[in-house]
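The opening residue of the sequence shown carries number 152 in my numbering; numbering runs sequentially from there.
Glycine residues also receive a C-beta, built at the ideal position from the N, C-alpha and C atoms.
These numbers were taken from a predicted model, which means no experiment stands behind them.
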Amino acid sequence: MPLLISGSSIILMMCTMHSDILHKIQVVQAYIYHKTGKQVRIVFNRPDRMAEHLMLLDRAYQVAMGDFRTKT
152 MPLLISGSSI
162 ILMMCTMHSD
172 ILHKIQVVQA
182 YIYHKTGKQV
192 RIVFNRPDRM
202 AEHLMLLDRA
212 YQVAMGDFRT
222 KT
């Protein structure tokens with residue numbers, strides 16, 4: 152039986168993914184500020200490399216969360 156997703160479910164999924172990405176960006180930016188004292192802004196400006204951007208963001212988020220967890 153095929154999976155049927157209604158329009159509102161797709162929008163909810165996209166909003167959840169978007170807010171997850173924004174959360175990761177905020178955590179990584181805060182981590183960089185905490186470590187260096189410099190304010191940075193993460194921008195995805197290459198749509199053709201979006202998969203790579205997301206992979207790097209995930210890795211940076213893992214590093215940030217690992218460091219924050221060990222300090223508390």
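Reduced DSSP category for residue i - H, G, I as helix; E, B as strand; rest coil
i    : result
I183 : helix
K189 : coil
N194 : Strictly speaking, residue 194 in this sequence is Val, with Asn absent from that position. If DSSP states are grouped into helix, strand and coil, V194 belongs with coil.
Beta-carbon proximity check, residue i vs residue j, cutoff 7 angstroms
i    : j    : result
K175 : L208 : yes
V179 : Y212 : yes
A215 : Y184 : no
Bounding residues of the alpha helix (DSSP H) (the contiguous stretch that carries residue i)
i    : result
D199 : Looking at the DSSP string, D199 is not in any alpha helix (DSSP H), and its letter there is neither H nor E.
7 angstroms Cβ shell around residue i - same chain, five flanking residues per side excluded
i    : result
V194 : none
Beta-carbon proximity list for residue i, same chain, < 8 angstroms, skipping 5 on both sides
i    : result
K189 : I183
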